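**Q** Protein chains in written order, with our numbering: chain X, 1011 to 1352; chain R, 227 to 349.
Structural data, given as structure tokens:
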């Protein structure tokens, strides 16, 4: 495949971002959709198992409401996030055939919701992707393996997936990179949460500095184990294992296999800055590569602050969307002239 | 996890059959209940034996053993279920400390997710 030349990055939101408010029944599914529309973020990503009670069933009544909201708020369903529960039964794994049927179930579900993409959970094997490709084609839903930290697009697991994409040649197989793989600084909200739970500030300082200097987690954990015996300090050191920073330019060779992006974030400190992830670098690379899919906001800071603050996911997502509006115009002169609308 | 306003005495036909604890699954999506590997409950430090826990979800009742082989019924995201313990007469009036543990078998996680909550509730 040839590198695409024209680009037009679009903005969307994964409703995962609003999980706190939905869990506590402060926001309904319709409220979540209305919030996206209020930010002019048109692409919707949904986790069926999160916000569609009765999953995988879709009643006519639900579908009528869903498409009613889509129309009313001017939205576009983009992606459904699937899970593969191969440990569904205690003591045995699902067979390959059962796993395939589970994927087909999600492809049908996405198709009925009007989503043209499913996010495939990272643990799904390349072999299974290959078997599922004809079904993806049948239901006209692309399957993107999520590239989630601590994996990254160049590691062995993703290389195997890439080989299968190339071997099958199917345009229905690709990647959904999660921008958490470009976490330059450990999330401050996560570190502060661990300090509230008793981690020492000195250890926190040591771990965050070492991470920012690119020290491998194994060394950070090893070093900290000589400094402290407190389990919460060790938990703080171990947390560095789940984050990673790689150069976003690593995406460039795979650009024509990337059809959706999880714009992960932990803390928007204002409308300009995500504390951990350098979005100006990331978006410059996506523009260079001609990415023309959605940046799908994925807020994941709630879990770190819910013990002391009332989570305001809508405000966090709004700030990230504001940042995207600015960055997308900066990097695409056509937009600032109004030639392309977001 | 522990939902205070759904916690209290379990009454039927005006009789106190035992006590009930409102619960939400501490995870970001609904789960087929066969993937809830274990639920543990203790009151004032006394662990309730597993076979005495009865889970009520949208009108359906399950023992933990029955949940093991039920992949289709789901504990939906944010849904408040009830864990009931038979104890005629209930708990003494006053404060009681409830400890709860959920053990979730999430396929993509290398090990099971263990989540705990603890609340003191007035009966």
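Ideal Cβ positions, reconstructed from N, Cα and C, are used throughout, including at glycine.
From a predicted model like this one, the values you see are computed outputs, not experimental measurements.
Would you tell me roughly how many angstroms separate the C-alpha atoms of residue 1196 of chain X and residue 1244 of chain X, rounded to the nearest one?
**A** Counting from 1 along the first chain, the entry for residue 1196 of chain X is found at position 186. Counting from 1 along the first chain, the entry for residue 1244 of chain X is found at position 234. Spanning the two alpha carbons is a distance of roughly 15 Å.
**Q** Can you tell me whether residue 241 of chain R is buried or exposed? The criterion is at least 16 other CB atoms within 10 Å of its CB, across all chains shown.
**A** Here residue 241 of chain R is taken as the residue at index 15 of the second chain, counted from 1. Exposed.
**Q** Between which two residues does the beta strand (DSSP E) carrying residue 269 of chain R extend?
**A** Residue numbering aside, residue 269 of chain R sits at position 43 when the second chain is read from its first letter. Residues 262–269.
**Q** Short of 6 Å in beta carbon distance, which residues of its chain neighbour residue 1328 of chain X, apart from the five on each side in sequence? Order them along the chain.
**A** Residue 1328 of chain X sits at position 318 when you count from the first residue of the first chain. Hits under 6 Å: 1049.
**Q** Can you find a CB in chain X that lies within less than 9 Å of the CB of residue 328 of chain R?
**A** Against the second chain, residue 328 of chain R aligns to sequence position 102. No - not a single Cβ of chain X is within 9 Å of the one on residue 328 of chain R.
**Q** Could you pull out every residue in the same chain whose Cβ sits closer than 7 Å to the Cβ of residue 1036 of chain X, ignoring the five residues on either side in sequence?
**A** By one-based count along the first chain, residue 1036 of chain X stands at place 26. Cβ within range, chain order: n/a, list empty.
**Q** Just the Cα atoms here: how many angstroms apart are residue 1141 of chain X and residue 1115 of chain X?
**A** Position 131 of the first chain, counting from 1, holds the residue named residue 1141 of chain X. Position 105 of the first chain, counting from 1, holds the residue named residue 1115 of chain X. The alpha-carbon atoms of residue 1141 of chain X and residue 1115 of chain X are separated by roughly 14 Å.
**Q** Would you say residue 267 of chain R faces chain X, with C-beta separation under 9 Å as the test?
**A** By one-based count along the second chain, residue 267 of chain R stands at place 41. Not closer than 9 Å to any Cβ of chain X, the Cβ of residue 267 of chain R fails to qualify, so no.
**Q** Going by the DSSP bridge assignment, what does residue 1381 of chain X pair with across the sheet?
**A** Since the first residue of chain X shown is 1011 and the last is 1352, residue 1381 of chain X is not available in this structure.
**Q** What in chain X is Cβ-close to residue 275 of chain R, meaning under 7 Å?
**A** Counting from one through the second chain, the residue named residue 275 of chain R turns up at place 49. Residues of chain X passing the Cβ test: none, with the nearest at roughly 19 Å.
**Q** Please list, in chain order, the chain X residues whose beta carbon lies closer than 9 Å to that of residue 297 of chain R.
**A** The residue you call residue 297 of chain R lines up with position 71 of the second chain. 1095, 1098 and 1099, listed in chain order.
**Q** Since residue 290 of chain R and residue 276 of chain R should fall inside the 8 Å C-beta cutoff, what is the C-beta to C-beta distance between them, to a whole number of angstroms?
**A** Reading the second chain from its first residue, position 64 is the one you call residue 290 of chain R. Reading the second chain from its first residue, position 50 is the one you call residue 276 of chain R. With 8 Å as the limit, residue 290 of chain R and residue 276 of chain R qualify as a contact, their Cβ atoms being about 5 Å apart.
**Q** Could you give the C-beta distance for residue 1059 of chain X and residue 1023 of chain X, rounded to a whole number, given that I count them as a contact under 8 Å?
**A** For the purposes of this step, residue 1059 of chain X is identified with residue 49 of the first chain, where counting begins at 1. For the purposes of this step, residue 1023 of chain X is identified with residue 13 of the first chain, where counting begins at 1. Going by Cβ atoms, the distance from residue 1059 of chain X to residue 1023 of chain X rounds to 18 Å, so no, they are not a contact pair.
**Q** What is the residue span of the alpha helix (DSSP H) that residue 278 of chain R lies within?
**A** Here residue 278 of chain R refers to the residue found at position 52 of the second chain. That residue, residue 278 of chain R, is in no alpha helix (DSSP H); it is neither H nor E in DSSP.
**Q** Output, in chain order, the set of chain X residues within a Cβ distance shorter than 8 Å of residue 334 of chain R.
**A** On the second chain, position 108 is the one that residue 334 of chain R refers to. Those within 8 Å of residue 334 of chain R in chain X are 1093, 1094, 1131, 1132 and 1133.
**Q** Once DSSP output is grouped into helix, strand and coil, what is the label at residue 1185 of chain X?
**A** Numbered from 1 along the first chain, position 175 holds the residue referred to as residue 1185 of chain X. Looking at residue 1185 of chain X - three-state DSSP - the assignment turns out to be strand.
**Q** Name, in chain order, the residues that DSSP records as bridge partners for residue 1262 of chain X.
**A** In the first chain, the residue the question calls residue 1262 of chain X occupies position 252. Per DSSP, none; premise fails for residue 1262 of chain X.
**Q** Can you give the Cα-Cα distance for residue 271 of chain R and residue 325 of chain R, rounded to whole angstroms?
**A** Translated into positions along the second chain, residue 271 of chain R becomes position 45. Translated into positions along the second chain, residue 325 of chain R becomes position 99. Distance between the alpha carbons of residue 271 of chain R and residue 325 of chain R is about 8 Å.
**Q** Between residue 1080 of chain X and the rest of its own chain, which residues show a CB-CB distance below 8 Å, the 5 nearest in sequence each way excluded?
**A** As a position in the first chain, residue 1080 of chain X is number 70, starting the count at 1. If we look at residue 1080 of chain X and ignore the five residues flanking it on each side, its Cβ neighbours are 1043, 1054, 1086, 1087 and 1124.
**Q** Within the 9 Å Cβ cut-off, does residue 255 of chain R reach chain X?
**A** Position 29 of the second chain, counting from 1, holds the residue named residue 255 of chain R. True, the Cβ-Cβ gap to chain X drops below 9 Å.
**Q** Is residue 1012 of chain X buried or exposed, if buried means 16 or more other CB atoms sit within 10 Å of its CB?
**A** Numbered from its first residue, the first chain carries residue 1012 of chain X at position 2. The predicted position of residue 1012 of chain X is uncertain, since its pLDDT is 39 and thus under 50; a value taken from the coordinates is nonetheless stated next. Exposed is the call here.
**Q** If you follow the alpha helix (DSSP H) that residue 1383 of chain X is part of, which residue opens it and which one closes it?
**A** Past the boundaries of the shown model lies residue 1383 of chain X; chain X is included only from 1011 to 1352, so the question cannot be answered.
**Q** Can you name the start and end residues of the beta strand (DSSP E) that residue 1171 of chain X belongs to?
**A** What you label residue 1171 of chain X is simply residue 161 of the first chain in a count that begins at 1. Residue 1171 of chain X -> not in any beta strand (DSSP E); alpha helix (DSSP H) instead, spanning 1166–1178.
**Q** For residue 230 of chain R, which residues in chain X fall below 9 Å Cβ to Cβ?
**A** By 1-based counting over the second chain, the position of residue 230 of chain R is 4. Going along chain X, no residue has its Cβ under 9 Å from residue 230 of chain R, so there is no contact; the nearest lies around 13 Å.
**Q** Could you list which residues in chain R have their beta carbon closer than 9 Å to that of residue 1033 of chain X, in chain order?
**A** The residue labelled residue 1033 of chain X in the question sits at position 23 within the first chain. Simply 250, 254, 303 and 304.
**Q** Just checking, does the stretch 1207–1220 of chain X make contact with the stretch 1170–1186 of chain X on the three C-beta pairs under 8 Å criterion?
**A** Counting Cβ pairs under 8 Å, fewer than three are found: no touch.
**Q** Considering Cα atoms alone, identify which of X/1178, X/1165, X/1235 and X/1077 is closest to residue 1139 of chain X.
**A** Counted from its first residue, the first chain places residue 1139 of chain X at position 129. Ranking the options by Cα distance to residue 1139 of chain X, first place goes to X/1178.
**Q** Which of the residues in the stretch 1023–1052 of chain X, read from start to end, lie with their CB under 8 Å from any CB of chain R?
**A** 1026, 1029, 1032, 1033, 1034 and 1035
**Q** Identify the continuous alpha helix (DSSP H) that holds residue 237 of chain R and give its terminal residues.
**A** Counting from 1 along the second chain, the entry for residue 237 of chain R is found at position 11. That residue, residue 237 of chain R, is in no alpha helix (DSSP H); its beta strand (DSSP E) goes 228–238.
**Q** Under 9 Å, Cβ to Cβ, is there at least one residue of chain X near residue 260 of chain R?
**A** The residue labelled residue 260 of chain R in the question sits at position 34 within the second chain. Residue 260 of chain R counts as touching chain X.
**Q** With residue 251 of chain R as the anchor, note down where its alpha helix (DSSP H) starts and where it stops.
**A** As a working mapping, residue 251 of chain R is identified with position 25 in the second chain. Run containing residue 251 of chain R: none; DSSP gives neither H nor E here.
**Q** Our contact map puts residue 1090 of chain X next to residue 1128 of chain X with C-beta atoms below 8 Å; I'd like the distance itself, whole angstroms only.
**A** Position 80 of the first chain, counted from the start, is the residue given in the question as residue 1090 of chain X. Position 118 of the first chain, counted from the start, is the residue given in the question as residue 1128 of chain X. Indeed, because the Cβ distance is near 5 Å, the residues count as touching under 8 Å.
**Q** Identify whether residue 1236 of chain X lies in helix, strand or coil by the three-state DSSP scheme.
**A** Walking along the first chain from the start, residue 1236 of chain X turns up at place 226. Residue 1236 of chain X falls in the helix class under three-state DSSP.
**Q** Specify whether the stretch 1266–1278 of chain X and the stretch 1302–1320 of chain X touch according to this definition: at least 3 beta carbon pairs, one from each stretch, less than 8 Å apart.
**A** Yes, they touch.
**Q** Name the chain X residues that come within less than 8 Å of residue 331 of chain R, Cβ to Cβ?
**A** Locating residue 331 of chain R in the second chain gives position 105, where the first residue counts as 1. Residues of chain X whose Cβ lies closer than 8 Å to the Cβ of residue 331 of chain R are, in chain order, 1097 and 1100.
**Q** Distance check for residue 1211 of chain X and residue 1133 of chain X, CA to CA, integer angstroms please.
**A** Locating residue 1133 of chain X in the first chain gives position 123, where the first residue counts as 1. Locating residue 1211 of chain X in the first chain gives position 201, where the first residue counts as 1. Roughly 35 Å between the two C-alpha positions.
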